[in-house]
Amino acid sequence: MSRIHSRRKGRSGSQRPYPLTKPSWVTLDPEEITEEAVKLAKSGASAAQVGTTLRDSYGIPSVRAVTGHRLTPLLKEKGIAPELPEDLQALIKRVVHLQRHLAQHPYDNSNRRGLQLMESRIRRLAHYYRRRKVLPENWSYTAASAVLQVE
C-alpha cells in the first residue's frame, strides 16, 4: 500500500491473531467492560483513547473479542459517540492548526501546500462517510466551519 500524497510505500504493521476469542487472562465481564468504556468516554476520551486505556490499564487487548461488539458502535448505542467520526475530526483539528499558522506566516508556501492536501483528504473522507450514511447528505467541509466544529 502506498501513501496518498507521496511517492513512498507505507509502514507495515503487526497483524492480530486470526481467532478473535476472549483471552484467558481477562477476568472482567462484558457488562463491566462496557460500563468502564462508557465512563471513560463520558470523561471526554475519544474511542481510540478509551481502547488504549482499556488495553494498558485493564489488560483488555480487544473490546470486540470480549464483548462481541466494536467500541464505536457500543458507544453510539449508549448515546455517547461524537457527531463526527474520529478520523475526520482529527484531520479538521490539524487543518485549523495549519490555518492559524498560515495567518501568522502568510508566505509559508510548503505549509500552504500541506493545507491543500489535508483539505483534499477531508473532502475525500467526507465523501466516503456520506456514501456510508455516517454523515448527512448535505454535510460539506468549508474552511470557515472547520474552526467552529473543532472548538
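Residue numbers (my numbering): 947 to 1097. The beta carbon of each residue, even a glycine, is placed where N, CA and C say it ideally should be. A quick note: this is a predicted structure, and the numbers were derived from the prediction, not measured.
**Asked** How should Pro1019 be labelled, buried or exposed, when 16 other C-beta atoms within 10 angstroms of its C-beta is the threshold for buried?
**Response** exposed
**Prompt:** How should Leu1063 be labelled, buried or exposed, when 16 other C-beta atoms within 10 angstroms of its C-beta is the threshold for buried?
**Reply:** Flag for Leu1063 reads exposed.
**Nearest to Arg1046 (by Cα), restricted to the options Tyr1004, Ser992, Val1096, Glu978** = Checked all of Tyr1004, Ser992, Val1096, Glu978; the closest Cα to Arg1046 is Val1096.
**Prompt:** Given a threshold of 16 other Cβ atoms within 10 Å of its Cβ, counted over all protein chains shown, does Pro1031 qualify as buried or as exposed?
**Reply:** buried
**Request:** Return the bridge partner residues of Lys1039 from the DSSP annotation.
**Result:** Bridge partners of Lys1039: none, in fact.
**Asked** How big is the Cα-Cα spacing for Tyr1074 and Trp1085?
**Response** 12 Å
**CB contact flag (Thr967, Thr1013, <9 Å)** = no
**Item:** Validate contact between the segment 995-1006 and the segment 1040-1059 using beta carbons, cut 8 Å, 3 pairs
**Value:** no
**Request:** Verify whether the separation of the beta carbon atoms of Val1042 and Ala1092 is less than 9 Å.
**Result:** yes
**Message:** Between Gln1062 and chain C, is any beta-carbon pair separated by less than 9 Å?
**Reply:** Among the chains of the structure shown, chain C does not appear; only one protein chain is present.
**Item:** Sequence-distant residues of the same chain with beta carbon closer than 7 Å to Leu1048, five excluded per side
**Value:** Asp1054, Asn1057, Arg1058, Leu1061
**Item:** Residue burial classification, Ala1089 (beta-carbon count within 10 angstroms, cutoff 16)
**Value:** By the neighbour-count criterion, in which a residue is buried when 16 or more other Cβ atoms sit within 10 angstroms of its Cβ, Ala1089 is exposed.
**Asked** Can you name, in chain order, every residue of its own chain whose Cβ lies under 8 Å from the Cβ of Glu982, other than the five neighbours on each side?
**Response** Taken in chain order, the residues that qualify are Leu974, Leu1000, Tyr1004.
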